[in-house]
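Student: Under numbering that gives the first Met the number 0, the first residue of the sequence shown is numbered 0, with each subsequent residue one higher.
Below you will find the structure I want to go over with you.
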Amino acid sequence: MDRIYTFLPSVLILAGVAGAIIIYLKLIGKRLGDNFTSDGWRKNNEWKILFIAMSLQNVSAPALSEIVFRAPLIIAFNEVSLAAWDWIFVSSFFFLLVRLLLGRKLWTEQEINIVAREVLTIASTLPLGILTGYYGIKYQSIWVAFGIHSVWNFFIPSPKGISLLISSWWHKVRMRRVRKLQRKLFGW
């Protein structure tokens, strides 16, 4: 029970930061209204969208994930042991399961093949869960796990991000082909 009180301030601060960012993003969403779905507005405000996405992806999501999946491990284990490894893998599996289930709601069939999506999710989520669990327990700090998760999200794109990059690239390739064909046929 004493270990809970030791880590409670860090968990509460992390939860407060995540909550504040989520509230801020909700207020921005209300302020922007329908503009956020407008292609013209999105094209003219790419930096605003990037800021919103980065604050959600690199602060709020890691904070909430670490509170739910790694804080219990850090509180339960004061060193990396065989039992801790078992629970690191269990926690990583549940983290992966949640990401797969949430991903099903966020993806559409047109974006990417279902099997490829799930392989990308597994390849990017399972190692993250193991790393954050191990280092969180090793250094007895939720901040270390949060830092690793934030840096991971910054440098390792999510499967959704990879899908968007692929579809954006493919769209550019198709548009080049269309323009080339138009020049050939109509002299434009």
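Don't be surprised by glycine CBs; every beta carbon is placed ideally from N, CA and C.
1) What does the alpha-carbon distance come out to for the pair I136 and N43?
2) Below 7 Å, is the gap between the Cβ of F153 and the nearest heavy atom of the ligand GTP?
3) Take the Cβ of N152 as the centre, count every other Cβ of all protein chains shown within 10 Å, and call the residue buried at 16 or more, exposed below.
4) Three or more C-beta pairs under 8 Å: does that hold for the stretch 138 to 153 against the stretch 72 to 84?
5) Enumerate in chain order the residues of its own chain whose CB-to-CB distance from I21 is below 6 Å, with the five nearest sequence positions on each side excluded.
6) When we look at the beta-carbon of Q109 and count the other beta-carbons within 10 Å, is it buried (16 or more) or exposed?
7) Work out the CA separation of K47 and L101 for me, nearest whole Å.
8) If distances are taken between C-alpha atoms only, which option among Y133, V97, L63 comes closest to I188?
9) Assuming G125 and S90 make a contact with CB atoms under 8 Å, what is their CB distance in whole Å?
10) So for Q181, helix, strand or coil by DSSP?
11) Rank L7, G132, A62, I155 by C-alpha distance to the C-alpha of D85 and give the top, closest one.
12) Please state the DSSP three-state secondary structure of S80.
13) If you measure between the beta carbons of F68 and F88, is that distance less than 8 Å?
14) Can you give me the Cβ contacts of I155 inside the same chain, cut-off strictly under 7 Å, excluding the 5 residues immediately before and after it?
15) Would you call P8 buried or exposed, if buried means 16 or more other Cβ atoms sit within 10 Å of its Cβ?
16) Residues in its own chain within less than 6 Å of L99 by CB, not counting five upstream and five downstream?
17) Applying the criterion that 16 or more other CB atoms from any shown protein chain within 10 Å of the CB defines a buried residue, is F185 buried or exposed?
18) Quick check on Q139: does DSSP put it in helix, strand or coil?
Tutor: On the basis of the coordinates in this document:
1) Translated into the one-based positions of the sequence shown, residue 136 becomes position 137. Translated into the one-based positions of the sequence shown, residue 43 becomes position 44. Distance between the alpha carbons of I136 and N43: 44 Å.
2) The ligand GTP is not part of the structure shown, which contains no ligands of any sort.
3) Position 153 of the sequence shown, counting from 1, holds the residue named residue 152. Buried, because 16 or more other Cβ atoms sit within 10 Å of the Cβ of N152.
4) yes
5) If you number the sequence shown from 1, residue 21 lands on position 22. Around I21: S59.
6) As a first step, residue 109 must be located in the sequence shown, where it is residue number 110. Confidence is the limiting factor: at Q109 the pLDDT is only 49, short of 50, which leaves the residue's position unreliable and the question unanswerable from this model.
7) Locating residue 101 in the sequence shown gives position 102, counting from the first residue. Locating residue 47 in the sequence shown gives position 48, counting from the first residue. So the alpha carbons of these two residues sit roughly 25 Å apart.
8) Residue numbering for the chain in the displayed model covers 0 to 187; residue 188 lies beyond these limits and cannot be assessed.
9) The count along the sequence shown starts at 1 and reaches residue 125 at position 126. The count along the sequence shown starts at 1 and reaches residue 90 at position 91. Before going on, a small fix: residue 125 reads as Leu here, not Gly. Not confirmed; about 11 Å, so no contact.
10) Sequence index remark: in the sequence shown, residue 181 carries index 182 (1-based). Helix.
11) By one-based count along the sequence shown, residue 85 stands at place 86. Looking at the Cα atoms, G132 is the closest of the given residues.
12) Locating residue 80 in the sequence shown gives position 81, where the first residue counts as 1. In the structure shown, S80 sits in coil (DSSP, three-state: anything other than H, G, I, E or B).
13) Here residue 68 is taken as the residue at index 69 of the sequence shown, counted from 1. Here residue 88 is taken as the residue at index 89 of the sequence shown, counted from 1. Their beta carbons are not under 8 Å apart, which means F68 does not touch F88 by this criterion.
14) Position 156 of the sequence shown, counting from 1, holds the residue named residue 155. Answer for I155: S123, listed in chain order.
15) Reading the sequence shown from its first residue, position 9 is the one you call residue 8. With fewer than 16 Cβ atoms within 10 Å of its Cβ, P8 is classed as exposed.
16) Taking the first residue of the sequence shown as 1, we reach residue 99 at position 100. Excluding positions up to five away in sequence, the list reads T120.
17) Stepping through the sequence shown from its first residue, residue 185 is reached at position 186. Counting Cβ neighbours within 10 Å, F185 comes out exposed, since fewer than 16 surround it.
18) By one-based count along the sequence shown, residue 139 stands at place 140. If DSSP states are grouped into helix, strand and coil, Q139 belongs with coil.
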